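Q: Chains F and C supply the protein sequences, listed in that same order.
Last residue of the first sequence: number 346 in the UniProt record's numbering, and the count goes up by one each step with no gaps.
Last residue of the second sequence: number 346 in the UniProt record's numbering, and the count goes up by one each step with no gaps.
Protein chains: 2
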Amino acid sequence: MASIKDVAAEAGLSVATVSRVLNGHPSVSEDARRRVTDAVERLGYRPNAVARSLRTDQTRTLGLVISDVMNPYFTELARSVEEEARALGYSVIIGNADERPDLQDHHVTTLLDRRIDGLLVSPTDGGSPGMLGAARAGTPMVFVDRWIPGVDVPVVRSDGTAAVRDLVAHLYGLGHRRLAIIAGPAATTTGRERVDAFRAALAAYGLELPDAYIGQGDFQAGSGRRVTEGFLDLAEPPEVVFAADNLMALGSLDAVRARGLRVPDDIGLAAFDDIPWFVHTDPPVTAIAQPVRDLGRAAVRALVDRIEGRPGESVTLPARLVVRRSCGEPETERPPSPSPVRRSTP
Amino acid sequence: MASIKDVAAEAGLSVATVSRVLNGHPSVSEDARRRVTDAVERLGYRPNAVARSLRTDQTRTLGLVISDVMNPYFTELARSVEEEARALGYSVIIGNADERPDLQDHHVTTLLDRRIDGLLVSPTDGGSPGMLGAARAGTPMVFVDRWIPGVDVPVVRSDGTAAVRDLVAHLYGLGHRRLAIIAGPAATTTGRERVDAFRAALAAYGLELPDAYIGQGDFQAGSGRRVTEGFLDLAEPPEVVFAADNLMALGSLDAVRARGLRVPDDIGLAAFDDIPWFVHTDPPVTAIAQPVRDLGRAAVRALVDRIEGRPGESVTLPARLVVRRSCGEPETERPPSPSPVRRSTP
DNA sequence: ATCCTCCGTGTAATCGATTCCACAAGGAGG
DNA sequence: CCTCCTTGTGGAATCGATTACACGGAGGAT
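Structure follows, in structure tokens:
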């Protein structure tokens, strides 16, 4: 592969001049500029990003470590992050932690070894050593979705308390009183917050959240199934189950169906995180939707701000309730809406 | 951040010796080895992968350019690719082409600029200039899922002809005769092959595939909707629509529902690519499942073989039909099966 | 005409690793 | 006791870029 030296030779100039042309440095004669671009063209030369990074100490690359790629919520997040990063002239390398702290650490160290300019993390746990180290070492960093209290890093997330309140109001209005939740891991902020928000909302209606109605999940489908089975085995099963993420809701649906029961007639179901597929499930699932695209965009902007020396602030965006049929009859009969999967095509 | 020089100073040795210890070179005294590891420990030193790559001319990184991350099929492919690559000591950088040749080219050049060791591509089109250039330039390369005829690169893919035959047999057995297809872009191999396989299978039953029953889609939900609307407007609409990927099937479902019609009573639906959500849609969708994990694994192995100087061969794995309820009554009434989303949890 | 600027260019140092080659010390063999 | 090998180590070149500094020449001011 041709190097800058080859270009210099081909153009009959020094590597310094070639480099200047390549980087749009002002003090280069028109003649030299032309000769260099011609030589580049002839040789099909492309600058070696590795060498450039070594010299300039910046890779123009962002690392994104997410908890689970197979979760549509995170897939969409990753997509919007990449989009915004590209617009800002950065590439992104995605690491999938699969909800495992050890894998998360692996990716963090790998990314740091490659000297990425900044790190976007949605931590799987309360803080693995590798991650804490990275934060302390001064690598520009931003948390998305989940975060770790006590670590001084901007957080870009969505606040679901109002939406959860709306959800409880909706359920209460439908006559439901025994409401249960499938919680996420207590080590994650989203795991804890959603339970807290739910409990608080229930309290506003004079409802309790007994321990038996709090199932411990891990944000994966399997746990949703297991917890739901436990609920159904109760002497007095809940009337509605609220899953703290979409995968656990899926598992819950499975469990209900495996018993030959039906949603929402026998038991209602609601989920945190709305995804395109919830429109098409049987029945369509009532969910709390986060503004994922905006979250990704804001996270990248905050991180790039940090990288480029600007402050880089935390952002909290509200989530909102999307009522469908999985908890009982909706208020109004609307025509089916088109799938949100659709792109910009008219 | 500490460099190898700092380690050398701390250990009271030369950088050469430090490097040898780091790389497990045999001719290093036990004493030196200990002093170096101690120094590394004290300094929290991590080798700079950028510098290393520049010197050794290898990044131990694979590039993966896929057509659409939001498509669960590709998400799963990406996941299995990363998994296998990690097992083999490689990282992977994912580029999302979003079915756009220009974006695909952008990612290919970016990846090449970073001097990745090899490229895994599922081409969006018949071959964008950047990709063809990469193939010609001798970068180790392997096609996954889709490929480009005439380019001498191993292909790892799945063969759906048998499964499509099974599908048509299933539909024929259910009494359906007017069968339509929503095709993928003609520029992609999968776009063409699936139509061809479908036509051939129909022929085996003395059935035709009239032009009016071939809708041109682009593997995105929007086109599935549009094409299906066209089918429904026909004087004699098809009895079953076969979507060449899962996203278009989703769009098709939307369109049917938007008319107030029902699947499978008013019109049947089948899809290429099985995904976890098809179990939970209303109704569950009959689909052709590819062995995605195996595909990802095989692709990485072929690529790494190429990179490390071994031949690196093409692989074709069979797809299989998964019958559900979207085309009419299934043969047997089975208890609902658990969701395939489940991980290794028992 | 002289001096000072400014412009365009080239030389060489540098980033952080790897690795070839030289070399010193020590042991074996003659 | 001398030579030869082996072993462990260090010096320095190298990968491909960027950039500080030096320098020659053109042009303007005096």
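A virtual CB, placed ideally from N, CA and C, is assigned to each residue, including glycine.
Remember, predicted model here, so these are calculated numbers, not experimental data.
When you check each C-beta in the stretch 112-131 of chain C against every C-beta of chain F, which residues fall closer than 8 Å?
A: Those would be LEU112, ASP113, ARG114, ARG115, in chain order.
Q: List, in chain order, every chain F residue whose beta-carbon is nearer than 7 Å to that of TRP277 of chain C.
A: By 1-based counting over the second sequence, the position of residue 277 of chain C is 277. TRP277, listed in chain order.
Q: Pair every Cβ in the stretch 230-249 of chain F with every Cβ in the stretch 265-282 of chain F, then say whether three or more of these pairs are closer than 8 Å.
A: The stretch 230-249 of chain F is in contact with the stretch 265-282 of chain F.
Q: For HIS170 of chain C and VAL323 of chain C, which I take to be in contact (beta-carbon distance under 8 Å), what is that distance rounded to the nearest angstrom?
A: What you label residue 170 of chain C is simply residue 170 of the second sequence in a count that begins at 1. What you label residue 323 of chain C is simply residue 323 of the second sequence in a count that begins at 1. Right, the Cβ-Cβ distance comes to about 6 Å (below 8 Å), so this counts as a contact.
Q: Between the Cα of ARG86 of chain C and those of C:ALA201, C:LEU62, C:THR75, spot the shortest distance and give me the residue it belongs to.
A: Position 86 of the second sequence holds residue 86 of chain C. For ARG86 of chain C, the nearest C-alpha among the options comes from C:LEU62.
Q: Leaving out five residues on either side along the sequence, give the residues of the same chain with a beta carbon under 7 Å from the beta carbon of LEU43 of chain C.
A: Taking the second sequence and counting its residues from 1, the one referred to as residue 43 of chain C is at position 43. Cβ within range, chain order: ALA2, ASP6, VAL7, GLU10.
Q: Is there a Cβ of chain C sitting closer than 8 Å to that of HIS280 of chain F, yes or no?
A: Within the first sequence, numbered from 1, the residue matching residue 280 of chain F stands at position 280. Interface residue, yes.
Q: At a Cβ threshold of 8 Å, is SER91 of chain C touching chain F?
A: Here residue 91 of chain C refers to the residue found at position 91 when the second sequence is read from its first residue. So, interface residue.
Q: If the cut-off is 7 Å on Cβ atoms, which residues from the stretch 305-331 of chain F count as contacting chain C, listed in chain order?
A: Those residues of the stretch 305-331 of chain F that come within reach of chain C (Cβ to Cβ, closer than 7 Å) do not exist; the list is empty.
Q: Look at LEU234 of chain F and ALA212 of chain F and say whether their C-beta atoms are less than 8 Å apart.
A: Mapped onto the first sequence, residue 234 of chain F falls at position 234. Mapped onto the first sequence, residue 212 of chain F falls at position 212. In contact: LEU234 of chain F and ALA212 of chain F (Cβ atoms closer than 8 Å).
Q: Which same chain residues end up closer than 7 Å to ARG297 of chain C when comparing Cβ atoms and leaving out the 5 residues on each side of it in sequence?
A: Indexing the second sequence from 1 puts residue 297 of chain C at position 297. Cβ neighbours of ARG297 of chain C beyond the five flanking positions: SER80, GLU84.
Q: At least one CB of chain C closer than 8 Å to the CB of residue 391 of chain F: is that the case?
A: This structure gives no information on residue 391 of chain F, because the portion of chain F shown stretches from 1 to 346.
Q: Please name the residues in the stretch 246-259 of chain F whose beta-carbon is closer than 8 Å to at least one beta-carbon of chain C, in chain order.
A: Answer set for the stretch 246-259 of chain F: LEU247, LEU250, GLY251, LEU253, ASP254, ARG257, ALA258.
Q: Checking contacts by CB at 8 Å: is THR286 of chain F closer than that to chain C?
A: Stepping through the first sequence from its first residue, residue 286 of chain F is reached at position 286. Cβ-Cβ to chain C under 8 Å: no for THR286 of chain F.
Q: Does ALA299 of chain C have its Cβ less than 8 Å from a Cβ in chain F?
A: Translated into the one-based positions of the second sequence, residue 299 of chain C becomes position 299. No, ALA299 of chain C does not count as interfacial toward chain F.
Q: Per DSSP, which one or two residues make a beta bridge with PRO318 of chain F?
A: The count along the first sequence starts at 1 and reaches residue 318 of chain F at position 318. PRO318 of chain F pairs with F:ASP159.
Q: For chain C, find out if any of its Cβ atoms is closer than 8 Å to the Cβ of SER53 of chain F; answer yes or no.
A: Start at 1 with the first residue of the first sequence, and residue 53 of chain F comes out as number 53. Taking Cβ atoms only, chain C reaches closer than 8 Å to SER53 of chain F, which makes this a yes.
Q: I'd like to know whether the C-beta of ARG46 of chain F is nearer than 8 Å to at least one C-beta of chain C.
A: Counting from 1 along the first sequence, the entry for residue 46 of chain F is found at position 46. Yes, ARG46 of chain F counts as interfacial toward chain C.
Q: Is the beta carbon of ILE116 of chain F less than 8 Å from the beta carbon of THR56 of chain F?
A: Position 116 of the first sequence, counted from the first residue, corresponds to residue 116 of chain F. Position 56 of the first sequence, counted from the first residue, corresponds to residue 56 of chain F. No, the Cβ-Cβ distance between ILE116 of chain F and THR56 of chain F is not below 8 Å.
Q: Looking at ALA299 of chain F: is its Cβ nearer than 8 Å to the Cβ of VAL142 of chain F?
A: Reading the first sequence from its first residue, position 299 is the one you call residue 299 of chain F. Reading the first sequence from its first residue, position 142 is the one you call residue 142 of chain F. Contact flag set, yes.
Q: If I follow the unbroken alpha helix (DSSP H) through ASN23 of chain C, where does it start and stop?
A: Mapped onto the second sequence, residue 23 of chain C falls at position 23. Here ASN23 of chain C belongs to no alpha helix (DSSP H), and DSSP marks it neither H nor E.
Q: Going by other Cβ atoms of all chains shown within 10 Å of its Cβ, with 16 needed for buried, is PRO346 of chain F buried or exposed?
A: Translated into positions along the first sequence, residue 346 of chain F becomes position 346. Any reading at PRO346 of chain F is ruled out, since the residue's pLDDT is 36, under 50, leaving its predicted position unreliable.
Q: Using a Cβ-Cβ cutoff of less than 7 Å, which residues in the same chain neighbour ALA135 of chain C once the five nearest sequence positions on both sides are dropped?
A: If you number the second sequence from 1, residue 135 of chain C lands on position 135. The answer, listed in chain order, is MET141, VAL151, VAL153.
Q: Residues of the stretch 70-82 of chain F with a CB closer than 9 Å to any CB of chain C: list them in chain order, please.
A: Residues MET70, PRO72, THR75, GLU76, ALA78, ARG79, GLU82.
Q: Take THR286 of chain F and list the residues in its own chain whose beta-carbon comes closer than 6 Å to its own, dropping the five residues that flank it on each side.
A: The residue you call residue 286 of chain F lines up with position 286 of the first sequence. Correct list, in chain order: ALA270, VAL323, ARG324, SER326, CYS327.
Q: By the criterion of Cβ-Cβ separation under 8 Å, what are the contact partners of ASN23 of chain C in chain F?
A: As a first step, residue 23 of chain C must be located in the second sequence, where it is residue number 23. Chain F residues near ASN23 of chain C: none, gap ~15 Å exceeds 8 Å.
Q: Just to confirm, are VAL156 of chain C and SER314 of chain C a CB contact at a threshold of 8 Å?
A: In the second sequence, residue 156 of chain C corresponds to position 156, counting from 1. In the second sequence, residue 314 of chain C corresponds to position 314, counting from 1. Closer than 8 Å, so yes.
Q: Three-state secondary structure (DSSP) at residue 366 of chain C?
A: Nothing can be reported for residue 366 of chain C: it is not among the residues displayed for chain C, which extend from 1 to 346.
Q: Could you work out which residue in F:ASP98, F:VAL92, F:TYR45, F:LEU88 is closest to VAL69 of chain F when comparing CA atoms only?
A: Sequence index remark: in the first sequence, residue 69 of chain F carries index 69 (1-based). Checked all of F:ASP98, F:VAL92, F:TYR45, F:LEU88; the closest Cα to VAL69 of chain F is F:ASP98.
Q: Between the stretch 225-233 of chain F and the stretch 191-202 of chain F, are three or more C-beta pairs nearer than 8 Å?
A: The stretch 225-233 of chain F vs the stretch 191-202 of chain F: no contact.
Q: How long is the line joining the alpha carbons of LEU111 of chain C and ALA51 of chain C, rounded to whole angstroms?
A: For the purposes of this step, residue 111 of chain C is taken as residue 111 along the second sequence, with counting starting at 1. For the purposes of this step, residue 51 of chain C is taken as residue 51 along the second sequence, with counting starting at 1. Between LEU111 of chain C and ALA51 of chain C, the C-alpha separation is close to 17 Å.
Q: Can you give the Cα-Cα distance for ALA200 of chain C and ILE182 of chain F, rounded to whole angstroms?
A: Sequence index remark: in the second sequence, residue 200 of chain C carries index 200 (1-based). Sequence index remark: in the first sequence, residue 182 of chain F carries index 182 (1-based). Cα to Cα, the separation comes out at about 49 Å.
Q: How many angstroms separate the CA atom of ARG113 of chain F from the CA atom of ASN48 of chain C?
A: Taking the first residue of the first sequence as position 1, residue 113 of chain F is located at position 113. Taking the first residue of the second sequence as position 1, residue 48 of chain C is located at position 48. Note that residue 113 of chain F is Asp in the sequence shown, not Arg. Their Cα atoms are separated by approximately 6 Å.
Q: Less than 6 Å between C-beta atoms, sequence neighbours within five positions excluded: which residues of the same chain meet that for ASP218 of chain F?
A: Translated into the one-based positions of the first sequence, residue 218 of chain F becomes position 218. Contacts found: PRO185.
Q: For PRO237 of chain F and PRO284 of chain F, I'd like the C-alpha separation in whole angstroms.
A: Residue mapping note: residue 237 of chain F aligns to position 237 of the first sequence, counting from 1. Residue mapping note: residue 284 of chain F aligns to position 284 of the first sequence, counting from 1. The alpha-carbon atoms of PRO237 of chain F and PRO284 of chain F are separated by roughly 22 Å.
Q: Between the alpha carbons of VAL292 of chain C and TYR73 of chain C, how many angstroms are there, rounded?
A: Residue numbering aside, residue 292 of chain C sits at position 292 when the second sequence is read from its first letter. Residue numbering aside, residue 73 of chain C sits at position 73 when the second sequence is read from its first letter. If I take the Cα positions, the gap works out to 7 Å.
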